[in-house]
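Under this note's numbering, the first residue of the sequence shown is numbered 956, with each subsequent residue one higher.
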Amino acid sequence: MQRSLAFLPLLILFITTPGLAAEQFRYTIISDGDKKSGEMTVDQGDDGWTRTSYHYKNNGRGPDLAEEFKLAADGSFQEYKVKGTSTFGSVVEEHFIRQGSKAQWKSMADSGDLQVKGPAFYAPNSSTFASTSAWIAALARYKNGLPLIPSGTLRQSKLDEFTVQAGTRKERVQLLALEGLGLAPNFVWATTGVNPRLFASIYPGQFRLVPDNWIAAIPQLERRQNAAEHKFLSQLSKQLSEPLVELSVIRNARVFDSEKAELTPPSDVYFKKGRITAVLPAGSVAQESTVQIDAAGQVLLPGLFDMHAHIGPWDGRLHLATGVTTVRDLGNSNETLQQLIGDVESQKILAPQIIPAGFLEGESPYSARLGFQIKTLKEAQAAIDWYAQNGYPQLKIYNSFPKDILRETVTYAHSRGMRVSGHVPAFLKASEVVEQGFDEIQHINQLMLNFFVKPDTDTRTLDRFYLVAEKAADLDLDSKAVQDFIALLKMRKTVIDPTLTAFDFIRHREGTVPEPYSAVFDHLPADVQRNFRQADMKIPDDQVAARYEKSFQKMLDFVARMYKAGIPVVAGTDGIAGFTLQSELELYVKAGLTPAQALQIATRNGAIYSRAEDRGVIAPGKRADLVLIDGDPTRDIGDLRKVSLVISQEKVMRPDLLYRSMGIKPFDAKVPQVIRPAPGSKITRH
C-alpha cells in the first residue's frame, strides 16, 4: 500500500504535434517477474490531440484513466483533461487550459488560475504520465529548466546512453533524471536526437513499462538504470554524511531508557566504530582525542524502527532525517532487496539498516508480484529454504497464498527458525491464521475483517478496505466475539503491526490535508502538498464521511485495547518514509498510550520482534544508532519531529541538510556541533 513521495513515473508516450497523421502506440506494463499487470494505448489524432487509455492492476488495485491533451506551439500543454478512478477507487477528474497568458485548472485536489509569461508546463495532479514525454522534448529545448504550473521548475540531466537491443531491433536510448517533482528524481529512458521522446519507464524490481515489442529489452534497461541510480546515490551519501569511526562522546544528554520507558538523568554516551562503549553520568572525563558532541540537555533516543516498510533506494534520506535507523522490509523484489542490503552494508548508499522478510504469495489474478509465487507445499518449502539460507529472520504470507497448505507452511518455517507474519489469506479469518501459528499479523484492517468476512468474501479485492470502512463503525468492542479474539491473541502472544496511519485514507476527503501529515505539510514542496490533497477512497457525501470517520476511531480504540491487554505491538507504517512513523506514534498516543510507551514500541519492541537485539537500547555493546531530539518526546510525542542529529552505521548526519536536499523546509531544532580534535573539523556544511 505504500505511498511514495517520489511519484513513480509509470509510463509515457509520444509527443503530439498538431498536423501529424493519426497513429496508435501500445505499451505493456510488467510487474515483478514476467506478469503483465497493465497496458497503455495512445492514439495520436490528426486533430492535434493525444488520447490515452491507461489500465494498471497489481495486488487487486490500480488506476483506470482516460487522458487527453493538446500541445501549444512551444511544446507545453494548451489543454489537458483526465478522468477515471484512482488506485483505491476515488473519482479522478482534472482539466487545464491556457489561453494566452492566462492558465486555469481544476482537479479533485485544487483549482486555480495564474498569469503566465513564456513557456510553462502544467503538472497534472493525476495522469497517465503521458505528459512526461512532452516534458522530455521541451526540456531538450529549454536547457535551463522549464517552469511548472502551478509552481516549481523541472530540470533534466543525462546519466547514461547506449544502444538497446531486442531481437533484430535496435534503438539508441538515454537515461534521464527529471528533478523538480516529488522528493526524488524520476528516471526515464528516452530516445536520442533533436526531438527525444520517452522510450520506457522502469522502477527496478517492481514496475516496467515498455512498447509491446520491446519486453525483451527490460533486463538491459534495468541493469544499467540500477548502476546509474546507485552512482547518483553514492555521491549524495558522501555529500550528506560524515564518517564517525573514532572514539566519540555525546555529552549531557537525557537518555531514553527504552526498557523502562523513561528518561534517565543527564549522561555521557561513548561510542566507537559503531558500538556504544560506555554510558556514564554527565561530566565524565574523556581522552583528548575523543570527538565531542554537546547535547546540552537534548533527549537521546535509540534509533527508531519502522517495522513495515517496502524500501526503495531513494527512501533513505527521509528515513534517516526523521531518526529511523532500521527498517523491516515486508515485501520487495528479492533481487532488489538483496542489492539494497548489500549497498547499505557496504555503505554505498545513504539508507537505514534493513531487516528483510521473505515474501510468499500464491498465484491468482490478484497476486502481488513480489518474492515467490507458489502453488504447492514443496514450492513453499523451497522458497523458505532460500530465505533461511539468505539470513531472513521471518516470512510475510500474502493475500492469495493457498489456504490448504498454510498450516504446513507455517510449521516448516518455524522448523527453519523463522517467524511467520502476514496478511490473512483470502477466505480465512484472522483467528484461523493465529490458530495455525502466525506469530504476527500486519494491518489493522486484517484484524477487523475477522468480524465481517463471510466464507465467500474475497479480501484480495478493494473489499478489504471498503468493508472495514463501512462496518467497523458499528462493531461493539465489548462484545464476546471481540473479547474472545483479544484473548486468543494474548494467549498465542501474537504480535500486531497495525499501520494505523496507512488507513487514514479511509476518512480523507478531496481537497483536504490528511491529518497524520498536517504537522509536516507546510514543510513540503508545493507539488507534494498538492498531491496530498487528493483523496484515495470514494467518499460520496457527508454521511458516508462521518461513518468512515467513526470506523477509523474504532480502529484506534481496538489497537489501544489490544495493547492494554498485553498483546505486543510494533510500529510499522507501509507509507511515506520517516514522516509516517512519527504520525503512527502520534496515533498510538491519541488512542490512549503515553508518549513514552509509543517510543518504547518504536525502539525496544522493534529490536525484539525483528530479532535485531543488538540495537533498540542505549547500553554498552549495542549498536551506536543514536538520535538527538531538541525537545522532550516523552511528554509531547510531536517533539519527535525536532531531530537535531542522527548517528548510525559509523556516520553522523544532520537532518536539516538531508531535508534541504529533498526540497523540504527543515524543522526547528538546534544542531549540536561535532567537534573533532585538532586538526579535525566540525560538521558545518549548509
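Ideal placement from N, C-alpha and C gives every residue a C-beta, glycine not left out. Bear in mind the structure is a predicted one, so any value in this text is a computation, not a measurement.
Rounded straight-line distance, which links the Cα of residue j to that of residue i
i, j, result
"residue 1233", "residue 1603", "17 Å"
"residue 1287", "residue 1160", "8 Å"
"residue 1331", "residue 1053", "58 Å"
"residue 1487", "residue 1608", "28 Å"
"residue 1479", "residue 1366", "46 Å"
"residue 1419", "residue 1511", "18 Å"
"residue 1417", "residue 1072", "44 Å"
"residue 1467", "residue 1579", "40 Å"
"residue 1157", "residue 993", "14 Å"
"residue 1442", "residue 1499", "32 Å"
"residue 1149", "residue 1357", "53 Å"
"residue 1019", "residue 1120", "31 Å"
"residue 1014", "residue 1325", "10 Å"
"residue 1464", "residue 1224", "46 Å"
"residue 1380", "residue 1355", "6 Å"
"residue 1281", "residue 1257", "10 Å"
"residue 1514", "residue 1414", "21 Å"
"residue 1470", "residue 1461", "12 Å"
"residue 1171", "residue 1155", "12 Å"
"residue 1305", "residue 1294", "14 Å"
"residue 1147", "residue 1090", "14 Å"
"residue 1423", "residue 1409", "13 Å"
"residue 1490", "residue 1370", "44 Å"
"residue 1016", "residue 1336", "29 Å"
Outcome for residue i when other beta-carbon atoms lying within 10 angstroms are tallied against a minimum of 16
i, result
"residue 1568", "exposed"
"residue 1446", "exposed"
"residue 1364", "buried"
"residue 1068", "exposed"
"residue 1611", "buried"
"residue 1214", "exposed"
"residue 1184", "buried"
"residue 1586", "buried"
"residue 1284", "buried"
"residue 1292", "buried"
"residue 1456", "buried"
"residue 986", "buried"
"residue 1116", "exposed"
"residue 965", "Legend: pLDDT at residue 965 = 32, less than 50; position of this residue unreliable, value from coordinates given subsequently. Burial call: buried."
"residue 1529", "buried"
"residue 1137", "buried"
"residue 1625", "exposed"
"residue 1118", "exposed"
"residue 1113", "exposed"
"residue 1168", "exposed"
Beta-carbon contacts of residue i that lie in its chain and below 6 Å, excluding the five residues immediately before and after
i, result
"residue 974", "Low confidence applies to residue 974: its pLDDT is 41, below 50, so where it sits in the model is not reliable, and the reading given next is rough at best. Around residue 974: no qualifying Cβ."
"residue 1135", "1107, 1108, 1109 and 1110"
"residue 1061", "1050"
"residue 979", "998"
"residue 1428", "1502, 1505 and 1506"
"residue 1535", "1456 and 1528"
"residue 1392", "1365"
"residue 1524", "1451, 1518 and 1556"
According to DSSP, residues forming a beta bridge with residue i
i, result
"residue 1423", "The partner list for residue 1423 (beta bridge, DSSP) is empty, contrary to what the question assumes."
"residue 1211", "1218"
"residue 1233", "1225"
"residue 1180", "The partner list for residue 1180 (beta bridge, DSSP) is empty, contrary to what the question assumes."
"residue 1611", "Its beta-bridge partners do not exist; DSSP assigns none."
"residue 1486", "None; residue 1486 has no bridge partner."
"residue 1274", "Bridge partners of residue 1274: none, in fact."
"residue 1141", "1133"
"residue 1397", "1452"
"residue 1153", "1145"
"residue 1633", "The partner list for residue 1633 (beta bridge, DSSP) is empty, contrary to what the question assumes."
Own chain partners of residue i with C-beta closer than 7 Å, once the 5 adjacent residues on each side are dropped
i, result
"residue 1592", "1540, 1541, 1544, 1550 and 1553"
"residue 1368", "1339, 1350 and 1375"
Contacts around residue i, its chain only, beta-carbon distance under 8 Å, and the 5 residues preceding and following it disregarded
i, result
"residue 1217", "1211, 1551 and 1589"
"residue 1100", "1094, 1108, 1109, 1110 and 1135"
"residue 1047", "1018, 1020, 1037, 1038, 1039, 1040, 1041, 1063 and 1081"
"residue 1616", "1191, 1194, 1195 and 1272"
- Touching or not, the segment 1515-1531 and the segment 1173-1184, by the rule of three or more beta carbon pairs under 8 Å? no
- For the 8 Å Cβ check, are there 3 or more pairs between the segment 1147-1165 and the segment 1271-1283? no
- Contact between the segment 1317-1329 and the segment 1188-1197 (3+ Cβ pairs under 8 Å): no
- Query: Would the segment 1027-1040 and the segment 1429-1443 be scored as touching if the rule is three or more Cβ pairs under 8 Å?
  - Reply: no
- Task: Determine contact between the segment 1623-1635 and the segment 1221-1231, defined as no fewer than three beta-carbon pairs at a distance below 8 Å.
- Result: no
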